[in-house]
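Novice: One structure is given below, represented as structure tokens, and several questions about it will come after.
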Amino acid sequence: MSELITWVISDVPEIISTLRQVGKSSARNDDLTSLSNKTSTSFAKKFEVLFCGRVSVAHKKAPPALIDECIEKFGRLHGTGATDKGGTGGGLVDGLRRALAFQSNGVGAGVNVQPTSLQENRTMLFTVGRSQIYLVSPDTKKVAIEKSFREISFCSQGIRHVDHFGFICRETVEGGTCHFVCYVFQCTDESLVDEIMLTLKQAFSVAALQQNAKTQSQQCDSCPMQQLHRLCERIEGLHPSKIKLELQRHLATLDNQEQASVFENTMRARPKSDQEENELVMASLRSLYEERQKSHQHSLHVDSKQVPPDLTFCGVLIVLMYYAYKLGLHSLFRCHNSTGDLKHLDNSIPMSQSSSSLPGDGQPQGFRRRASTFSHTPTSSSAEYLPVLTVTHSDVAALSTPTAACRVGESPLRSHRHSWRQQIFLRVATPQKMPRNSRHQMFRLDYSEKGSGDMGSMRVVPEEKIRRSKEELRELWKKAILQQILLQRMERENQKLQASESDLQNRRLKLDYEEITPCLKEVTLVWEKMLGTPGRAKVKFDTETIHAAVAQGVPRQHRGEIWKFLSEQYLLRQTVPSRPPANDTPYKELLKQLTSQQHAILIDLGRTFPTHPYFQAQLGAGQLSLYNLLKAYSLLDPEVGYCQGLSFIAGVLLLHMGEEDAFNMLKFLMYDMGLRKQYRPDMIILQIQMYQLSRLLHDYHRDLYSHLEQQEIGPSLYATPWFLTFFASHFPLGFVARVFDMLFLQGSEVIFKVALSLLGSHKPLILQHDSLESIVDFIKTTLPNLGLVQMEKTINQVCGMDVSKQLQAYEVEYHVLQDELLDTPPTLNQHQRAAQLERTNQSLRQQNLDLLEELQVSHARVCSLENQVQALVHSEGRLKEQVSALEQEKKQLLSTVTRLQDLLTSLGIHSSPDGHTVPTPTGVKDTQGHQD
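Structure follows, in structure tokens:
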């Protein structure tokens, strides 16, 4: 069919964009392509920005106040409550395409202003790579915008709105036309905008240097493609009429045969507008200059602007011929050949190698041109040999006329053959829709084989039209609608299946670690029974049962749900509620804000579980979820913000539950368990923890403590990451998961017990090392590589240890020592200070005993009060039951009284207010005036 052999030529600006790239690198090799393909986020710099919207602009260069004007327009549209009613949502990626027309006099007439929706999450990760800019949405986990450096023409920062910036780039719309669009973004402050602008400048400079280094030795000023490139630069952005005049001037520089071929190729297509004519001329010029480039010899001293002196008359003649054709005199040129220069007009332009190559030929094969970006540049086998021949409906219709009868080899249109790639494309491509006035030109091509030395002839056979009745058309429409509905249902089901499969794969990927305590089936049933209890958030389970279940193991597939269950039980056991966060903003709303901690978070994303497959991909789903979680907490708790170590805790939570549940569990650990104290900027609590660990070593492992003190090794040299990451930064995930099981059950003292157990079990090996470097290296590298047996032994020891009283005493001791160091006069000698500390220690011990007795008394009183409360609750329940029974009895008595009154009334007996019955008197008139 004719539609399947139609080559669609892009519009002039897109052709110009391609030619500019080809002109700058006429003989580009595969090294640059490999360099582009190696561009990854590992070499990129990332910033968090707020996408404000996009505005269509009239030119690739922007005035200084463009960003400020765009912000004002966005605010005006949001202020008027303008919304897009043309869609049903679809997320941020679809929201970027929502259009809201708005007339502007400042930027240009008919400007399309598209602000983003305030209800959506507009935050993005603005990533500057080696050769492109792309914005990743942490919400949808997809790339929302991707622009190569070649598409970006201008970058600007706001003048009044200094925390905003934007860039202008070229885009192609559905109709095939190009226009310039300005994307506007907002940052947290001006300094971040300055950093982004500096990064863009450096990236553009480096990309330009790399590009020039690759192409400098492969082109010269006299290259034909360079000449075409300069032509593209002159006509880019001009009106079609001005482009037409510029092309006519350029055609005057060609020789007679080239002018004639360009003219014939253009006239054969019968363009209907200046735009179509410009497209055809540019396509012919591209083919012409590609042929020249193949045989061109590079020269360093050639003036590419030289014009042959004998071509001026021919150029003018071609222009006159064109206008004669427009005036209806083209038949004169077809019938007469009086001019020698025009005797070759019946011959067509030579075909380019790309349009006539076959699979067996040695020439490069043509291909369907894709969008050219810096990361997908045309290579020597693609962009330099683009197909330029166009066959339209009007062309094929002209073939059926007697004047268009042709023979093999007379015209490239008639001898046109497709490469094997083009033939595949033509078999699967959807035919383009034809205008109404040209639908009668449907046809079929018939190829008849001739002799062995002939290629065959082509003739046009009219398409037979089948007229259908209204009933047949109605049935066809009904069938098509039903099939479309069925197809949409199948597509939705397919999407659900794919989403479910993706969720299962992600879940399997998250839980890809080796458990150290295999959970038996009986223990799994116990956990499932507790998790399935109705209203479990308000039911207080037996503490011993929970402890025994945790000690026997936690099923990996239910670990996230069990952690939530343990947190609920922890809150039910707390008599004094913890201080809630001052900011109660929901998680989804926190994600819509910008954080000032973005640099620290983005840096630590690649350092958090770098070998785990879920977090391994740069800006993959795992890293984006981790970024969302850390960003939300930094906004929830401005005092802590973000601290190194939080990423590992958040990562462990994300491996076992979703983002929002992980955020709630992180908030529980930080606020309800009080772990946020050790992440404060002063880190005083961390210093207290280091002192407590030293005192535990001193009391439980005196020889190990002395050995470490002899080498001047304090706990801060090896134990700081244990407390900040809960052993997640160095130890296997299976062991870390068991530590988190105990953490949700017992609180932060689990970290001390695990550290004490690890150091105690490896005490003989540590004592064998006699230098600071070897001891620290052993604790940091060898100690985490535990075997499964040693890990399980450590967890069992932790379950049986209780150091809560010692930790409380050590904390009080630390504060007293700190106060004494501040209050002790410097005149005392060491002996006097030791005596004073001893007296203070005795006093503190006595106070501790007194406080312990008071605590026991208070605890007993609390228990008695709880028993009284339970008794009162039971009594209240019984009283409520009695009241309910009395109410029911009252209702029954009232119904009995009502029935008795109805019975008396039916017997003619009326009851008096005092309860006595009064018979009805005779001879009294009724209401109707009758007498009984």
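Under the numbering used here, the first residue of the sequence shown is numbered 51, with each subsequent residue one higher.
Ideal placement from N, C-alpha and C gives every residue a C-beta, glycine not left out.
Values in this document were obtained by computation on a predicted structure and should not be read as measured data.
#1: What does DSSP give as the partner residue(s) for Tyr-184 in the beta ladder?
#2: Suppose only complete runs of 4+ residues qualify. What are the alpha helix (DSSP H) ranges in the region 734-790, listed by chain order?
#3: Between Ile-801 and Phe-773, how many whole angstroms is the CB-CB distance? I'm expecting something under 8 Å.
#4: If we ignore side chains and look at the alpha-carbon of each, how far apart do Pro-630 and Tyr-721 end up?
#5: At the level of alpha carbons, what is the spacing between Ala-769 and Met-740?
#6: In chain order, which beta strand (DSSP E) runs of at least 3 residues are fully inside the region 511-556?
#7: If you scan the region 648-686 from start to end, which runs of the alpha helix (DSSP H) of 4 or more residues do you find wholly inside it?
#8: Taking the straight line between their C-alpha atoms, what separation do you get for Lys-941 and Val-947?
#9: From what residue to what residue does the beta strand (DSSP E) around Asp-231 run?
#10: Just how far apart, CA to CA, sit Ala-712 and Leu-922?
#11: For Val-107, write down the residues that DSSP places opposite it in a beta bridge.
#12: Assuming Leu-116 contacts Ser-206 (C-beta within less than 8 Å), just tell me the rounded distance between them.
#13: Classify Asn-162 as helix, strand or coil using the three-state DSSP reduction.
#14: With H, G and I counted as helix, E and B as strand and the rest as coil, what does DSSP make of Cys-205?
#15: Quick one: using the 10 Å Cβ neighbour count with 16 as the cut-off for buried, is Ala-935 buried or exposed?
#16: Using a Cβ-Cβ cut-off of 7 Å (strictly less than) and excluding sequence neighbours within five positions of Val-576, which residues of its own chain qualify?
#17: I'd like to know if the region 321-339 and the region 285-300 are in contact, where contact means that at least 3 CB-CB pairs between them fall below 8 Å.
#18: If I follow the unbroken alpha helix (DSSP H) through Cys-913, where does it start and stop?
#19: Which first and last residues belong to the alpha helix (DSSP H) in which Cys-219 is found?
#20: Report buried or exposed for Gln-619, applying the criterion of at least 16 other Cβ atoms within 10 angstroms of its Cβ.
#21: Could you check what DSSP says for Leu-288 in three-state terms: helix, strand or coil?
#22: Could you pull out every residue in the same chain whose Cβ sits closer than 6 Å to the Cβ of Tyr-372, ignoring the five residues on either side in sequence?
#23: Helix, strand or coil for Glu-170 per DSSP?
#24: Relative to the C-alpha of Gln-868, which candidate in Asp-732, Gly-764, Ile-738 has its C-alpha closest?
#25: The alpha helix (DSSP H) spanning Asn-714 covers which residue range?
#26: So what's Val-589 in DSSP terms, helix, strand or just coil?
#27: In the DSSP output, what is Glu-98 paired with across the bridge?
#28: Is the beta carbon of Glu-221 less than 7 Å from the beta carbon of Val-231?
#29: Could you please give me the residues that DSSP links to Ile-825 through a beta bridge?
#30: Locate the alpha helix (DSSP H) running through Arg-609, then write down its first and last residues.
#31: Given that a residue counts as buried once 16 or more other Cβ atoms are within 10 Å of its Cβ, and exposed if not, what is Ser-779?
#32: So, is Ser-697 buried or exposed, given that buried needs 16 or more other C-beta atoms within 10 angstroms?
#33: Between which two residues does the alpha helix (DSSP H) containing Asn-315 stretch?
#34: So, helix, strand or coil for Ile-959, using DSSP?
#35: Using only CA atoms, which one of Ile-531, Gly-958, Pro-274 lies nearest to Arg-342?
#36: From Gly-656 to Gly-208, what does the alpha carbon distance come to, in whole angstroms?
Specialist: The answer reads as follows:
#1: Within the sequence shown, the letter at position 134 stands for residue 184. Per DSSP, Thr-177, Glu-196.
#2: 734-750, 752-760, 770-775
#3: Taking the sequence shown and counting its residues from 1, one reaches residue 801 at position 751. Taking the sequence shown and counting its residues from 1, one reaches residue 773 at position 723. The pair is a contact, with the Cβ atoms about 6 Å apart (cut-off 8 Å).
#4: Sequence index remark: in the sequence shown, residue 630 carries index 580 (1-based). Sequence index remark: in the sequence shown, residue 721 carries index 671 (1-based). Distance between the alpha carbons of Pro-630 and Tyr-721 is about 7 Å.
#5: Taking the sequence shown and counting its residues from 1, one reaches residue 769 at position 719. Taking the sequence shown and counting its residues from 1, one reaches residue 740 at position 690. So the two alpha carbons sit approximately 8 Å from each other.
#6: none
#7: 648-655, 663-666, 671-686
#8: Counting from one through the sequence shown, the residue named residue 941 turns up at place 891. Counting from one through the sequence shown, the residue named residue 947 turns up at place 897. Cα to Cα, Lys-941 sits roughly 10 Å from Val-947.
#9: In the sequence shown, counting from the first residue as 1, residue 231 sits at position 181. The displayed chain sequence assigns Val, not Asp, to residue 231. Per DSSP, Val-231 belongs to the beta strand (DSSP E) from 228-236.
#10: Residue 712 sits at position 662 when you count from the first residue of the sequence shown. Residue 922 sits at position 872 when you count from the first residue of the sequence shown. Each residue's Cα considered, the two are about 39 Å apart.
#11: What you label residue 107 is simply residue 57 of the sequence shown in a count that begins at 1. Per DSSP, Phe-230.
#12: For the purposes of this step, residue 116 is taken as residue 66 along the sequence shown, with counting starting at 1. For the purposes of this step, residue 206 is taken as residue 156 along the sequence shown, with counting starting at 1. Right, their Cβ atoms sit about 6 Å apart.
#13: Taking the first residue of the sequence shown as position 1, residue 162 is located at position 112. DSSP places Asn-162 in strand when its eight states are reduced to three.
#14: The residue you call residue 205 lines up with position 155 of the sequence shown. Three-state DSSP puts Cys-205 in a strand.
#15: Numbered from its first residue, the sequence shown carries residue 935 at position 885. With fewer than 16 Cβ atoms within 10 Å of its Cβ, Ala-935 is classed as exposed.
#16: Locating residue 576 in the sequence shown gives position 526, counting from the first residue. The residues are Ala-599.
#17: yes
#18: Translated into positions along the sequence shown, residue 913 becomes position 863. From DSSP, the alpha helix (DSSP H) with Cys-913 extends over 880-956.
#19: Working through the sequence shown from its first residue, we reach residue 219 at position 169. Element bounds for Cys-219: not the alpha helix (DSSP H) but the beta strand (DSSP E), 214-222.
#20: To locate residue 619, count along the sequence shown from 1; it is residue 569. Buried is the call here.
#21: Here residue 288 corresponds to residue number 238 of the sequence shown, with the count starting at 1. Coil, per DSSP.
#22: Against the sequence shown, residue 372 aligns to sequence position 322. In this predicted model, Tyr-372 has a pLDDT of only 46, less than 50, meaning its place in the structure is not dependable; the value taken from the coordinates is given anyway. Cβ within range, chain order: n/a, list empty.
#23: As a working note, residue 170 is residue 120 in the sequence shown. Note: Glu-170 maps to coil in three-state DSSP.
#24: On the sequence shown, residue 868 is found 818 positions in, with the first residue counted as 1. The candidate whose alpha carbon is nearest that of Gln-868 is Ile-738.
#25: Against the sequence shown, residue 714 aligns to sequence position 664. That run of the alpha helix (DSSP H) goes 709-717.
#26: In the sequence shown, residue 589 corresponds to position 539, counting from 1. Reduced to three states, the DSSP call for Val-589 is coil.
#27: Sequence index remark: in the sequence shown, residue 98 carries index 48 (1-based). Beta-bridge pairing links Glu-98 to Leu-175.
#28: The count along the sequence shown starts at 1 and reaches residue 221 at position 171. The count along the sequence shown starts at 1 and reaches residue 231 at position 181. Closer than 7 Å, so yes.
#29: The sequence position of residue 825 within the sequence shown is 775, counting from 1. Answer is none; Ile-825 lacks a bridge partner.
#30: Mapped onto the sequence shown, residue 609 falls at position 559. That run of the alpha helix (DSSP H) goes 609-623.
#31: Position 729 of the sequence shown, counting from 1, holds the residue named residue 779. Buried, because 16 or more other Cβ atoms sit within 10 Å of the Cβ of Ser-779.
#32: Residue 697 sits at position 647 when you count from the first residue of the sequence shown. Buried, because 16 or more other Cβ atoms sit within 10 Å of the Cβ of Ser-697.
#33: Taking the sequence shown and counting its residues from 1, the one referred to as residue 315 is at position 265. Unbroken alpha helix (DSSP H) run through Asn-315: 306-318.
#34: To locate residue 959, count along the sequence shown from 1; it is residue 909. Strand.
#35: Mapped onto the sequence shown, residue 342 falls at position 292. For the residues Ile-531, Gly-958, Pro-274, the minimum Cα distance to Arg-342 belongs to Pro-274.
#36: Position 606 of the sequence shown, counted from the start, is the residue given in the question as residue 656. Position 158 of the sequence shown, counted from the start, is the residue given in the question as residue 208. Going by the C-alpha atoms only, they are around 32 Å apart.
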